[in-house]
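Note sheet for the following structure.
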């Protein structure tokens, strides 16, 4: 099988490449990545290079996308601008990549009759109250809060329309917050881990009560393969591992696992429009496709993630000063 992975040098995409090459010896992968600040050749350096090709380019480039789609059996679409803070500061790249880029891929997939899996986020559904017993399901209405989540919602709706109107053989997954190796250190969990490893106090938005439903990236990618292997075209699935924790608890656990006092952190300005709570109901995925997470507790997954960042300082340390300087300018 020849697979085109968009955004395959980014966080979740690069982990998908490693996971696939490790578990699927029949697969060859072409990665298409713009190699912006969030993508890195270094994230793919440890992969089997005999079954991997990395092409630097943008998913809005219709000529390039058409050529690559024609030469593959399956497209797995991870490429996205994905950082909420950046979308608030400058929404334009999010519209270009997430909306126009997805449209470009869908048109190529339609022309060449290729299978397509679209990777999305639970943020398209907005947020839940902290005491709400409900969780996001496949039938939850879209209610995005930020430019990022609005453009991801738009891309989901494009895929759904291309499935219904043009018969594109696509599936969609909406996943909760990922964490794990190769995640850019601007993101919440790796920022806190690398802060402590650098002797800097972790930073907590506001009161730290915002809740996310955390899943280890390997569990996410195993679920993506379950959908590719066993789901019917046109199906949608929620991916989550029952990992609800608020930000304050996450910081406390990072401090505990790294041997620091529980109060060794700083409060910083909250994000504008910060969603309160995300929570995923993955019943459909579990019952229909038989998927179960490997990391059954958030603590185990976080411990493994901390070990990776401790052992791979050369990957993240060159980014650290710039990231912290940018957050300092934002009062965060």
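Residue numbers (my numbering): 4 to 335. Even glycine gets a Cβ: it sits at the ideal position worked out from N, Cα and C.
- Residue 240 holds the alpha-carbon nearest to the alpha-carbon of residue 286 among 114, 240, 167 and 157.
- Taking the C-beta atoms as reference points, residue 192 is found nearer than 7 Å to residue 182.
- Going by C-alpha positions, residue 329 is about 23 Å away from residue 100.
- In the pairwise beta carbon analysis, the stretch 171-179 is classified as touching the stretch 105-122: at least three pairs are separated by under 8 Å.
- Using a Cβ-Cβ distance cut-off of 8 Å, the stretch 75-83 and the stretch 49-56 are not in contact, since fewer than three pairs of beta carbons, one from each stretch, lie closer than that value.
- The straight-line gap separating the alpha-carbon atoms of residue 28 and residue 305 is approximately 28 Å.
- Contact check for residue 162 against residue 145 fails: the beta carbons are separated by 7 Å or more.
- DSSP places residue 291 within a helical segment (H, G or I) once states are collapsed to three.
- Of the other Cβ atoms in all chains shown, fewer than 16 fall within 10 Å of the Cβ of residue 267; this residue is therefore exposed.
- Sequence-distant partners of residue 98 (beyond 5 residues in either direction) whose C-beta falls short of 6 Å from its own C-beta, in its chain, are 154.
- Here the alpha carbons of residue 147 and residue 273 stand approximately 18 Å from one another.
- Pairing residue 23 with residue 307, the inter-Cα distance amounts to about 20 Å.
- The alpha-carbon separation between residue 197 and residue 50 amounts to approximately 24 Å.
- Straight through space, the alpha carbons of residue 333 and residue 90 are spaced by roughly 14 Å.
- Under the Cβ criterion (8 Å, minimum of three pairs), the stretch 234-251 counts as touching the stretch 130-142.
- For residue 86, DSSP assigns no beta-bridge partner whatsoever.
- Annotation: residue 65 to residue 9 spans about 14 Å, alpha carbon to alpha carbon.
- In the same chain as residue 249, and ignoring 5 residues on each side of it, the C-beta atoms closer than 7 Å to its own belong to 211, 212, 213 and 214, in chain order.
- Per DSSP, the beta-bridge partners of residue 216 are 247.
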